[in-house]
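**Student:** In the numbering used here, the protein residues as written are 40 to 576.
Quick one: the structure is below, and I'll ask about it shortly.
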Ligand code: ADP
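Rendered as structure tokens:
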């Protein structure tokens with residue numbers, strides 16, 4: 040039958056088949072809130088009526104500035120399910136950038152968590168297109184007075200509208216949600232997802248040899264619902280009937296570990312920087328994980344030292360995955376199968392640090408500077424191109440001819456692919472270090488530094504060099520109380536890497552700047568340290 044793949048069908052399914060399954064949220068209000076998929080369905084329908092009453096029409100954008108929580112989940116379904124477009128804004132962006140994005144997206148209504156009231160107050164006057172601002176709380180917690188015009192109360196909207204709402208049927212290619220890339224260079228670019236791409240991505244991501252989400256899982260997404268739809272978890276959870284545990288704004292190691300234990304979390308997902316905080320807390324307090332069985336790590340390269348800690352010390356399996364905003368985000372997953380059975384423990388760990396194999400639905404190839412395809416031999420490195428039904432073909436209201444090259448999306452990542460199909464990112468093309476015409480991948484160098492017991496965090500950047508144009512420079516944060524010095528760390532590279540790849544110098548800093556999605560902001564590090572080797576020469 041020609042039935043459309045619609046996001047509302049995920050919710051209807053969850054309500055019917057997993058109605059009593061729980062959704063637990065730590066709320067901005069300070070408490071832990073519990074609900075079920077049945078209640079989610081009812082409240083999402085009330086909210087769909089409310090969104091319609093606010094004058095939002097099919098295809099129009101509704102903005103959110105919110106943490107991971109059940110109200111944000113209700114908006115995911117109410118907005119997309121009724122045919123409007125959920126536009127998740129990243130609250131960690133600069134206010135000017137937020138204004139630019141909300142204007143560009145032509146957001147009609149903006150829903151926000153109370154934590155972001157000061158931010159909304161700061162930008163509201165610059166958003167004349169937004170007809171109403173909705174604080175995601177109840178009447179008792181509404182601000183007594185506020186500079187925000189047309190300020191509404193979320194719970195009042197939900198309560199005053201009927202739970203009767205028939206989810207409309209429409210073309211599955213209709214847009215469902217919108218997320219802007221963080222735009223480290225130039226203006227942010229909007230990536231529009233469709234109902235079809237979202238549902239197909241949810242199927243693919245939950246397959247056993249992909250991320251293997253099941254109804255028996257309790258999933259805690261650390262990855263934010265404001266960035267690439269929390270890697271699809273809000274949709275996948277309805278599809279499979281998993282328990283959902285939302286951490287709200289509390290993403291530090293202690294808060295996460297407490298919630299893992301209290302709610303029987305079996306699987307979590309996030310960027311490496313988050314897990315660093317968690318591991319530090321668990322280590323310092325001699326804790327363990329009683330229910331956590333695996334964690335999905337992506338967004339930037341997972342250092343092998345982190346995998347080792349999770350797997351060998353805590354019996355938590357690390358699933359390394361690669362993707363980007365433009366790929367919904369899942370592109371590849373590193374899963375070892377029967378073909379890798381003969382590998383010993385060290386070889387397995389080395390393979391796991393690759394970003395893995397394409398999930399079905401995504402095709403990958405690597406090309407050189409002329410666009411000629413490179414061999415899959417694990418050696419040749421070139422730009423990674425991808426295509427598939429949940430890969431973006433262009434940008435929302437984008438100008439020019441769009442990014443595609445002969446029907447393929449150029450990722451801006453440099454990678455190798457081996458004969459078994461395991462892809463490894465060596466760098467983002469803008470971060471590659473070009474030493475005397477040869478490329479040095481910064482990720483390898485960072486992984487080695489991170490394996491040193493005194494290193495808390497390391498980033499490797501291209502520094503200008505009088506002879507070689509660019510040479511690797513390590514920027515390092517020591518673990519507390521450690522007295523690691525340059526020479527010891529440089530010696531640590533011996534035998535681990537081609538000699539000419541060894542970083543030229545190390546600078547020690549108190550902290551490394553992270554961007555809005557928890558990734559190292561190498562552009563800022565380059566601004567600060569680009570001339571460091573020239574000065575030393
Ligand atoms: P931005 O950081 O520009 O907002 P995304 O959040 O979409 O963009 O991040 C996508 C990029 O993150 C990829 O192009 C890649 O460089 C990097 N990335 C994602 N997952 C991994 C991984 N497992 N290993 C290395 N890099 C990764």
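The C-beta atom is built at its ideal place from N, Cα and C for all residues, glycine as well.
Here the structure is a predicted model, which is why all the values come from computation and not from measurement.
(1) Report the partner residues of residue 469 according to the DSSP bridge assignment.
(2) Go ahead and pull the three-state DSSP assignment for residue 531.
(3) Say whether the stretch 204 to 215 touches the stretch 234 to 242, bearing in mind that this needs 3 or more beta-carbon pairs closer than 8 Å, one atom from each stretch.
(4) Answer yes or no: do residue 2 and residue 98 have a C-beta to C-beta separation smaller than 8 Å?
(5) Could you tell me if the beta carbon of residue 27 falls within a distance shorter than 7 Å of some heavy atom in the ligand ADP?
(6) Cα-Cα, which of 422, 456 and 426 is closest to residue 395?
(7) Flag this pair as yes or no: are the beta carbons of residue 514 and residue 550 separated by less than 8 Å?
(8) Can you name, in chain order, every residue of its own chain whose Cβ lies under 7 Å from the Cβ of residue 120, other than the five neighbours on each side?
(9) What are the start and end residues of the beta strand (DSSP E) that includes residue 490?
(10) Below 7 Å, is the gap between the Cβ of residue 360 and the nearest heavy atom of the ligand ADP?
(11) For the ligand ADP, any of its heavy atoms closer than 7 Å to the Cβ of residue 561?
(12) Looking only at its chain, what residues have a beta carbon closer than 7 Å to the beta carbon of residue 329, apart from the 5 residues adjacent to it on each side?
(13) Per DSSP, which one or two residues make a beta bridge with residue 71?
(14) Examine the ligand ADP and report whether any of its heavy atoms sits within less than 7 Å of the Cβ of residue 263.
(15) For residue 226, does the count of other Cβ atoms within 10 angstroms reach 16, so buried, or fall short, so exposed?
(16) Would you identify the three-state DSSP class for residue 353, choosing helix, strand or coil?
(17) For the ligand ADP, any of its heavy atoms closer than 7 Å to the Cβ of residue 394?
(18) Which two residues bound the contiguous beta strand (DSSP E) that contains residue 174?
(19) Tell me whether the beta-carbon of residue 271 lies closer than 8 Å to the beta-carbon of residue 369.
(20) With distances taken Cα to Cα, identify the nearest neighbour of residue 481 among 475, 490, 470 and 489.
(21) Relative to the ligand ADP, is the shortest distance from any of its heavy atoms to the C-beta of residue 499 smaller than 7 Å?
(22) DSSP three-state label for residue 111, please.
(23) Hey, would you say residue 390 sits closer than 8 Å to residue 379, going by beta carbons?
(24) What is the DSSP secondary structure of residue 399, counted as helix, strand or coil?
(25) Am I right that residue 371 and residue 360 are in contact with their C-beta atoms under 8 Å? What's the rounded C-beta distance?
(26) Take residue 543 as the anchor and find which of 433, 176 and 484 has the nearest alpha-carbon.
(27) Could you tell me the distance, in whole angstroms, from the CA atom of residue 410 to the CA atom of residue 423?
(28) Report the CB separation of residue 276 from residue 258 in whole angstroms; it is logged as a contact under 8 Å.
(29) What residue range does the alpha helix (DSSP H) around residue 98 cover?
(30) Could you work out which residue in 114, 310 and 80 is closest to residue 204 when comparing CA atoms only?
(31) Residues in the same chain with beta-carbon distance under 8 Å from residue 518, minus the five sequence neighbours each way, listed in chain order, please.
(32) Just to check, is the beta-carbon of residue 452 closer than 7 Å to a non-hydrogen atom of the ligand ADP?
(33) By Cβ distance, which residues of its chain are closer than 7 Å to residue 570, with the 5 residues on each side in sequence left out?
(34) Is the beta carbon of residue 108 less than 8 Å from the beta carbon of residue 77?
(35) Starting from residue 362, follow its DSSP beta bridges and name the residues at the other end.
(36) So, helix, strand or coil for residue 510, using DSSP?
**Tutor:** Straight from the coordinates:
(1) None, per the DSSP bridge assignment.
(2) coil
(3) yes
(4) No answer is possible for residue 2: the residues shown for the chain start at 40 and end at 576.
(5) There is no way to answer for residue 27, as the model of the chain reaches only from 40 to 576.
(6) For the residues 422, 456 and 426, the minimum Cα distance to residue 395 belongs to 456.
(7) Taking a C-beta distance under 8 Å as the contact criterion, residue 514 and residue 550 do not qualify as a contact pair.
(8) 46, 47, 50, 83, 87 and 206
(9) From DSSP, residue 490 is part of no beta strand (DSSP E); its letter is neither H nor E.
(10) Under cutoff, so the answer is yes.
(11) no
(12) 300
(13) 65
(14) no
(15) If you draw a 10 Å sphere on the C-beta of residue 226, you find fewer than 16 other C-beta atoms in it, and that means exposed.
(16) helix
(17) yes
(18) First-last of the beta strand (DSSP E) with residue 174: 171 to 174.
(19) Inclusion of residue 271 and residue 369 in the CB contact set at 8 Å is warranted, their separation being smaller than that value.
(20) Comparing Cα positions, the closest option is 470.
(21) no
(22) Helix, per DSSP.
(23) With a cutoff of 8 Å on beta-carbon distance, residue 390 and residue 379 are scored as near each other.
(24) coil
(25) 7 Å
(26) 484
(27) 11 Å
(28) 6 Å
(29) Residue 98 -> no alpha helix (DSSP H), and no H or E assigned at all.
(30) 80
(31) 492, 493, 494 and 495
(32) yes
(33) Same-chain partners within the cutoff: 503.
(34) no
(35) 369
(36) strand
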